[in-house]
Amino acid sequence: YKRPTFTAETKPVEQAFVLGDTVRVQGEALTYTRVPVAGALVQYTVRRLAGGYGPRTDTSHTVSDTTRTDERGCFVLPVHLSVPSSSAAVVPLSGYRYAVSYTVTASQGETVQGEFTLRASRRKVWIEPQVPKAICRERIPDLLVEQTNAAGQPILETGRYRLLDAGGNEVYADTFLTAR
Numbered sequence: 003y004k005r006p007t008f009t010a011e012t013k014p015v016e017q018a019f020v021l022g023d024t025v026r027v028q029g030e031a032l033t034y035t036r037v038p039v040a041g042a043l044v045q046y047t048v049r050r051l052a053g054g055y056g057p058r059t060d061t062s063h064t065v066s067d068t069t070r071t072d073e074r075g076c077f078v079l080p081v082h083l084s085v086p087s088s089s090a091a092v093v094p095l096s097g098y099r100y101a102v103s104y105t106v107t108a109s110q111g112e113t114v115q116g117e118f119t120l121r122a123s124r125r126k127v128w129i130e131p132q133v134p135k136a137i138c139r140e141r142i143p144d145l146l147v148e149q150t151n152a153a154g155q156p157i158l159e160t161g162r163y164r165l166l167d168a169g170g171n172e173v174y175a176d177t178f179l180t181a182r
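For the sequence shown, our numbering begins at 3 and goes up steadily by one.
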C-alpha cells in the first residue's frame with residue numbers, strides 16, 4: 003500500500019433542485035500541502051436508484067463521463083436528475099437517489115476515488131416551522147423556520163407568516179429569515 007499524495011472531495015450542493023434539473027457538483031483535488039492537482043482526469047458514473055433505502059438500482063439509467071481539473075484543481079460533475087422516460091413511469095413519493103462515484107487520476111498515474119449520493123424528488127425545498135401549540139398574542143415567541151434542499155442542506159430565504167386564532171382570524175403577521 004502506498005499512501006496517496008492528494009485528496010479529491012466534492013462540496014455539498016447548497017442550491018434548491020428538483021427532478022429533471024442538472025446539478026453542478028463542485029469538487030477539488032489538492033495535495034496534502036494544499037497544492038492544486040491541475041489537469042487531472044476525472045472519470046465519474048451516475049446511477050439512478052429508487053428513492054427509499056436499499057440497493058434497488060434502476061439499471062436502465064447509468065451514465066458515465068469524464069472531465070478534467072482546472073489550474074486550481076477544481077472540477078465540476080454535472081449530475082442530471084433524470085426520471086424514467088416511459089410515460090407509464092410513476093415517480094415514487096420519495097423520488098430517486100443518484101449515486102455518483104468518481105476517480106481522479108493525476109498526471110503521474112496516481113488515483114483517488116470518492117462518492118456521494120444526491121436525493122431528488124418533485125419538491126425543490128422542505129420547510130420545517132417549529133411553532134409551539136399555544137401562543138399568547140401578547141408575547142409572541144421567536145419562531146424557528148428551517149428550509150432545506152433535497153440533500154438536506156440549508157437554503158436561506160425570507161418569507162412571511164400569519165398566526166390565526168381558532169376562528170381563522172389573523173392575530174399576528176410578520177416576516178422571517180430561514181435558519182441556517
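Think of the CB as a built atom: it goes at the ideal place given N, C-alpha and C, for glycine as much as any other residue.
N151 has V127 as its beta-bridge partners, per DSSP. The beta carbons of A42 and V102 sit no closer together than 7 Å.
Restricting attention to beta strand (DSSP E) runs no shorter than 3 residues, the region 17-87 encloses them at 24-33, 43-52, 59-70 and 76-82, ordered along the chain. If the five residues before and after E73 are omitted, its C-beta is found closer than 6 Å to the C-beta atoms of A40, all from its own chain and listed in chain order.
Beta-bridge partners of L165 (DSSP): Y174. Between T160 and L145, the gap from beta carbon to beta carbon reaches 7 Å or more. Each residue's CA atom was taken as its position, placing V147 and S109 some 48 Å apart. Distances from the alpha-carbon of A31 to those of V114, Q17 and I142 put V114 closest. Pairing R121 with N151, the inter-Cα distance amounts to about 9 Å.
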